[in-house]
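UniProt numbering puts the first residue of the sequence shown at 1, with every later residue one more than the last.
All residues carry an ideal CB built from backbone N, CA and C; glycine is no exception.
Working notes, beginning with the structure itself.
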Amino acid sequence: MKDAVWLSVIVVIVIVAVLGVGSFATWRNTLREFGYGYWLRLTVGLIALVWIIYGISLLGITL
1 MKDAVWLSVI VVIVIVAVLG VGSFATWRNT LREFGYGYWL RLTVGLIALV WIIYGISLLG
61 ITL
């Protein structure tokens, strides 16, 4: 379970870093460019994917 928690934290850190680098590289605010909902859905979707894969691995099913 610790692995899934750490992976979830890493996903959030990476998305925040992409927001920062994207804003710097394009000289525009990437939150306004793509909208807040896009980044929120992306974050929640990736974290859900991490936990789904973790749940499948707990059942012993390999992808």
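As assigned by DSSP and simplified to three states, the class of residue i
| i | result |
| --- | --- |
| residue 59 | coil |
| residue 45 | helix |
| residue 35 | coil |
Given residue i as reference, the closest of the options once Cα atoms are compared
| i | options | result |
| --- | --- | --- |
| residue 48 | 60, 22 and 8 | 8 |
| residue 5 | 50, 40, 57 and 58 | 50 |
| residue 14 | 46, 3 and 58 | 46 |
Between the CA atoms of residue j and residue i - distance to the nearest angstrom
| i | j | result |
| --- | --- | --- |
| residue 22 | residue 34 | 11 Å |
| residue 37 | residue 60 | 34 Å |
| residue 64 | residue 24 | The first residue shown for the chain is 1 and the last is 63, placing residue 64 beyond what the model contains. |
| residue 53 | residue 17 | 24 Å |
| residue 30 | residue 19 | 6 Å |
| residue 84 | residue 10 | As shown, the chain starts at 1 and ends at 63. That puts residue 84 outside it, with no answer to give. |
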